[in-house]
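At position 84 of the sequence shown (counting the first as 1) the number is 84 in the UniProt record's numbering, and the numbers step up by one without a gap.
Even glycine gets a Cβ: it sits at the ideal position worked out from N, Cα and C.
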Amino acid sequence: MLTRSQTSSISVINEHCHTDQSLASPSIDPFRCNAIVYTTACNTGYIEIPKRHASFVTWSNENLPSIDDLVKAGFFYTGTKTIVTCFYCNGSLQNWSSNDNPMIEHVRWFPHCAYAKQLCGSELYRKIQESKQIQQGFLFTY
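Structure below.
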């Protein structure tokens with residue numbers, strides 16, 4: 001189940017890569033994004049999994065997602081706080097908790113990332129986007 005009883009602690013660092021879609025307009029296709037879709041990796045130095053893994057040498061595992069989960073989701077560690085960045089879309093997130101799923105958060109906040117979308121598959125991608133819209137709907141109604 002993708003829904004949560006509490007809001008996520010994750011925050012977006014570089015919002016220029018993130019596009020929120022308003023639910024106010026019914027003409028907007030909920031699975032389309034107005035962001036640029038990159039056809040090559042933005043951070044080519046981290047394309048290889050071992051290089052992304054090596055970036056986490058100073059990462060604290062205390063109450064944070066596992067390094068393996070973050071690396072698999074396409075993230076490398078920036079070396080600052082809990083900020084990680086996707087090698088492909090350049091999207092950055094921080095404020096992780098141990099209960100966060102890096103792949104789901106990646107797709108939730110950066111739906112335009114072709115790497116994350118391919119990684120999770122079309123069915124899970126659709127469910128994540130639907131869940132995000134439901135959560136946004138609750139936020140807009142209160």
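Residue j and residue i - do their beta-carbons sit closer together than 8 Å?
| i | j | result |
| --- | --- | --- |
| R108 | F75 | no |
| F56 | I49 | no |
Skipping 5 residues on each side, what residues in its chain have a beta carbon closer than 6 Å to that of residue i?
| i | result |
| --- | --- |
| C42 | N90 |
| P65 | W96, D100, P102 |
| Y46 | R52, F76, F87 |
| A73 | P102, M103, H106 |
| D69 | P102 |
| T44 | none |
Buried or exposed for residue i, please, with buried defined as at least 16 other CB atoms from any protein chain shown within 10 angstroms of its CB.
| i | result |
| --- | --- |
| C71 | For the record, residue 71 in the displayed sequence is Val; it is not Cys. Classification of V71: buried, given that the 10 Å Cβ count is 16 or more. |
| G105 | Checking the sequence, you will find Glu at residue 105 rather than Gly. With 16 or more Cβ atoms within 10 Å of its Cβ, E105 is classed as buried. |
| Q129 | buried |
| A54 | exposed |
For the ligand GTP, is there a heavy atom less than 7 Å away from the beta-carbon of residue i?
| i | result |
| --- | --- |
| V71 | With respect to small molecules bound, the structure shown includes none, and the ligand GTP cannot be examined in it. |
Apart from the five residues just before and just after residue i, which ones in its own chain have a Cβ nearer than 8 Å to its Cβ?
| i | result |
| --- | --- |
| K81 | Q94 |
| T58 | Y77, G79 |
| T39 | A114 |
| S98 | N63, L64, P65 |
| N61 | I67 |
If you drop the 5 nearest sequence neighbours on each side, which residues of the same chain put their C-beta closer than 7 Å to that of residue i?
| i | result |
| --- | --- |
| K132 | R108 |
Return the CA-CA distance between residue i and residue j, expressed in angstroms with no decimal places.
| i | j | result |
| --- | --- | --- |
| V12 | S122 | 23 Å |
| V84 | L119 | 18 Å |
| L124 | I10 | 19 Å |
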